[in-house]
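Worksheet: one structure, shown below.
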Amino acid sequence: MTKTAPFMNQALGLAAQALFLSNPNPRVGCVIAAADGRILGQGFTQQAGGPHAEVVALRDAAAAGHDVRGATAYVTLEPCAHQGRTGPCCDALVAAGIGKVVASIADPNPLVGGQGFARLRAAGVEVEVGPGAAQARELNIGFFSRMVRGTPWVRLKTAASLDGTTALANGASQWITSPAARADGHAWRARACAVLTGIGTVLDDNPRLDVREVPTPRQPHVVVVDSQLQTPLDARLFIAGRACYIYSAAQNDAKQAALEARGATVIYLPNPQGKVDLPAMLRDLARRGVNELHVEAGNKLNGSFVREGLVDEMLVYLAPTLLGPGLGMANIGPLETLTQGLALNFTAVDRVGPDIRLVARVRGRDVF
Numbered sequence: 001m002t003k004t005a006p007f008m009n010q011a012l013g014l015a016a017q018a019l020f021l022s023n024p025n026p027r028v029g030c031v032i033a034a035a036d037g038r039i040l041g042q043g044f045t046q047q048a049g050g051p052h053a054e055v056v057a058l059r060d061a062a063a064a065g066h067d068v069r070g071a072t073a074y075v076t077l078e079p080c081a082h083q084g085r086t087g088p089c090c091d092a093l094v095a096a097g098i099g100k101v102v103a104s105i106a107d108p109n110p111l112v113g114g115q116g117f118a119r120l121r122a123a124g125v126e127v128e129v130g131p132g133a134a135q136a137r138e139l140n141i142g143f144f145s146r147m148v149r150g151t152p153w154v155r156l157k158t159a160a161s162l163d164g165t166t167a168l169a170n171g172a173s174q175w176i177t178s179p180a181a182r183a184d185g186h187a188w189r190a191r192a193c194a195v196l197t198g199i200g201t202v203l204d205d206n207p208r209l210d211v212r213e214v215p216t217p218r219q220p221h222v223v224v225v226d227s228q229l230q231t232p233l234d235a236r237l238f239i240a241g242r243a244c245y246i247y248s249a250a251q252n253d254a255k256q257a258a259l260e261a262r263g264a265t266v267i268y269l270p271n272p273q274g275k276v277d278l279p280a281m282l283r284d285l286a287r288r289g290v291n292e293l294h295v296e297a298g299n300k301l302n303g304s305f306v307r308e309g310l311v312d313e314m315l316v317y318l319a320p321t322l323l324g325p326g327l328g329m330a331n332i333g334p335l336e337t338l339t340q341g342l343a344l345n346f347t348a349v350d351r352v353g354p355d356i357r358l359v360a361r362v363r364g365r366d367v368f
């Protein structure tokens, strides 16, 4: 283990504490250490508009009375070099007299993209890049997706019986999996910038689509794919303080005005078939700062996401029960050959209460 590893591992652990907090900003941790190995300050990125990890760590050191001149800052992402809602972190590090910066990975944001490193080096600060790069990128897979591809990272969540049934033929689906699995699903909601569903789910289940089962400092936005603008004005998904985006393919000025009076933003994005243009919707959501999009929809909309090649990752909870014929996870068939199926790689398989949680990534989708 190198001298760098323990400090960077600690910084990565701090970055993980921003998992539910920092959206749409990346999850970043910072540890400032003296030459003798003493930790002088540490921190992670706060809510949007609040201080970034480097500034939190500098303030932590100052509060403890530590002199950081000549110290090394271990940070999980390139310090920013642009003026946004906060000042450039690279300038704050230079002003504090930091002697060296060890960063996991360059910032994919074109407003930064190497400029932070360049400004540090120009000021005489030694820069090392690379330790913990894979972990830092994975922690911010949605941020990298938005910056590089111009679309969010799309995670499709579903709960099913062992034989793949997500609802009985009569539509009954509550509850196939256990309370433990549902609480775990809420943790995945909490890390997302937005939770998406379709109008069918809204009309059938009237869900809130908020985070209730785990503590969270912020609620994800809610997104509804509603081609004919059928969202009821008394739907439970209208929650004060969070954004609600409704994507439609049919213009209805009166209904739009009524929905917007409830706090929604209605976006008209039709495709030639008279449905919502899903790829255009993803690009629009990226422009609105959505890094990770958590999809909890019915098998028809799930099928549309799969058929159009828009899914990056599957989050599947399997209950130890057989339910026989019913609705499946995604209506994508019938297929004529096995090779037409969606190829995935399992990245995690875990027990959650009595259920199994599978995380599977579409092959090649994380190469960007």
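For what it's worth, full-length UniProt numbering labels the leading residue of the sequence shown as 1, then goes sequentially.
Backbone N, C-alpha and C fix where the C-beta goes; we use that ideal spot for every residue, glycine too.
Open item on the list: Just to check my reading of the structure: L358 and L293 have Cβ atoms closer than 8 Å, yes? What is that Cβ distance to the nearest angstrom?
Closed with: Position 358 of the sequence shown, counting from 1, holds the residue named residue 358. Position 293 of the sequence shown, counting from 1, holds the residue named residue 293. Not quite, the Cβ-Cβ distance comes to about 19 Å (not below 8 Å), so this is no contact.
TODO: Flag this pair as touching only if the segment 114-127 and the segment 71-79 have three or more C-beta atom pairs under 8 Å; answer yes or no.
DONE: The segment 114-127 vs the segment 71-79: in contact.
- [ ] For V276, count neighbouring C-beta atoms within 10 Å of its own C-beta (all shown protein chains included) and say buried if the count is 16 or more, exposed if not.
- [x] Position 276 of the sequence shown, counted from the start, is the residue given in the question as residue 276. Buried: at least 16 other Cβ atoms inside 10 Å.
Task: Option in P325, P152 and A183 with minimal Cα separation from F368 - done: Along the sequence shown, one-based indexing puts residue 368 at 368. When each option's Cα is compared against that of F368, the closest is P152.
Task: Presumed contact (8 Å Cβ cut-off) between L237 and A258, rounded CB distance - done: Taking the sequence shown and counting its residues from 1, one reaches residue 237 at position 237. Taking the sequence shown and counting its residues from 1, one reaches residue 258 at position 258. About 15 Å separates the two Cβ atoms, so there is no contact after all.
- [ ] Kindly indicate which three-state DSSP category L168 falls into: helix, strand or coil?
- [x] Translated into positions along the sequence shown, residue 168 becomes position 168. Strand.
- [ ] Report, in whole angstroms, the separation of the C-beta atoms of V102 and A81, which I expect to be a contact under 8 Å.
- [x] Counting from one through the sequence shown, the residue named residue 102 turns up at place 102. Counting from one through the sequence shown, the residue named residue 81 turns up at place 81. That belief does not hold up - the Cβ atoms of V102 and A81 are roughly 17 Å apart, past 8 Å.
- [ ] Count the other CB atoms, across all protein chains shown, that sit within 10 Å of the CB of G185; report buried if there are 16 or more and exposed otherwise.
- [x] Counting from one through the sequence shown, the residue named residue 185 turns up at place 185. Under this definition G185 is a buried residue.
TODO: Can you tell me which of the three DSSP states A264 falls into?
DONE: As a working note, residue 264 is residue 264 in the sequence shown. Strand, per DSSP.
TODO: Check whether the Cβ atoms of residue 403 and N291 sit closer than 8 Å, and answer yes or no.
DONE: The structure shown does not extend to residue 403, since the chain is modelled only from 1 through 368, so no value can be given for it.
- [ ] Confirm, please, whether the CB-CB distance from D350 to A319 is below 8 Å.
- [x] Residue numbering aside, residue 319 sits at position 319 when the sequence shown is read from its first letter. Residue numbering aside, residue 350 sits at position 350 when the sequence shown is read from its first letter. No, the pair does not count as a contact, with Cβ atoms beyond the cut-off.
TODO: Name the residue from P6, D366 and R27 whose alpha carbon lies nearest to the alpha carbon of A192.
DONE: Stepping through the sequence shown from its first residue, residue 192 is reached at position 192. A192 has its Cα closest to that of R27, out of P6, D366 and R27.
Task: Straight-line gap, S227 to A34 (C-alpha atoms, nearest Å) - done: Taking the sequence shown and counting its residues from 1, one reaches residue 227 at position 227. Taking the sequence shown and counting its residues from 1, one reaches residue 34 at position 34. Their backbone Cα atoms lie some 58 Å apart in a straight line.
TODO: Leaving out five residues on either side along the sequence, give the residues of the same chain with a beta carbon under 6 Å from the beta carbon of A18.
DONE: As a working mapping, residue 18 is identified with position 18 in the sequence shown. Only R27, F44 and T45 meet the Cβ criterion.
Task: Buried/exposed call for M1, threshold 16 Cβ in 10 Å - done: Position 1 of the sequence shown, counting from 1, holds the residue named residue 1. Reliability fails at M1, whose pLDDT of 48 lies under 50, so the model's placement of it is uncertain and the value that follows must be treated cautiously. Exposed is the call here.
TODO: Measure the C-alpha to C-alpha separation of L14 and A181 and round it to an integer number of angstroms.
DONE: Working through the sequence shown from its first residue, we reach residue 14 at position 14. Working through the sequence shown from its first residue, we reach residue 181 at position 181. Straight through space, the alpha carbons of A181 and L14 are spaced by roughly 26 Å.
- [ ] Assign D67 to one of two classes, buried (16 or more other C-beta atoms within 10 Å of its C-beta) or exposed (fewer than that).
- [x] Start at 1 with the first residue of the sequence shown, and residue 67 comes out as number 67. Counting every other CB atom within 10 Å of its CB across the protein chains shown gives D67 a total below 16, marking it as exposed.
Task: Y247 versus Q340, P279 and G353, residue with shortest Cα-Cα distance - done: Mapped onto the sequence shown, residue 247 falls at position 247. With distances taken between Cα atoms, Y247 lies closest to P279.
Task: Which of helix, strand or coil DSSP assigns to A33 - done: Within the sequence shown, numbered from 1, the residue matching residue 33 stands at position 33. Reduced to three states, the DSSP call for A33 is strand.
Open item on the list: On the DSSP bridge list, what partners appear for G43?
Closed with: In the sequence shown, residue 43 corresponds to position 43, counting from 1. Looking at the DSSP output, G43 shares a beta bridge with C30.
Open item on the list: Can you find the residues in the same chain that come closer than 6 Å, C-beta to C-beta, to V352, ignoring five residues on each side of it along the sequence?
Closed with: Counting from 1 along the sequence shown, the entry for residue 352 is found at position 352. The residues A180, A181 and D184, in chain order, have a CB closer than 6 Å to that of V352 in the same chain once the five nearest residues on each side in sequence are set aside.
Task: Bridge partners - P270, DSSP secondary structure assignment - done: What you label residue 270 is simply residue 270 of the sequence shown in a count that begins at 1. Beta-bridge pairing links P270 to V276.
Open item on the list: If you reduce the DSSP assignment to three classes, tell me which class C244 lands in.
Closed with: Here residue 244 refers to the residue found at position 244 when the sequence shown is read from its first residue. The three-state reading of DSSP puts C244 in strand, counting E and B together.
Task: K3 (DSSP reduced to helix, strand or coil) - done: Taking the sequence shown and counting its residues from 1, the one referred to as residue 3 is at position 3. Secondary structure of K3 (DSSP, three-state): coil.
Open item on the list: Buried or exposed for L322, going by 16 or more other Cβ atoms inside 10 Å?
Closed with: Taking the sequence shown and counting its residues from 1, the one referred to as residue 322 is at position 322. An exposed status is given to L322, since fewer than 16 other beta-carbon atoms sit within 10 Å of its beta-carbon.
Open item on the list: Which residue wins for smallest C-alpha separation from residue 391, given the options A48, C90 and E260?
Closed with: Because residue 391 is not part of the residues shown, which for the chain are 1 to 368, the question remains open.
Task: Complete runs of the alpha helix (DSSP H) confined to the segment 271-338 [at least 4 residues] - done: Those alpha helix (DSSP H) runs which fall completely within the segment 271-338 and span 4+ residues are 278-287 and 299-307.
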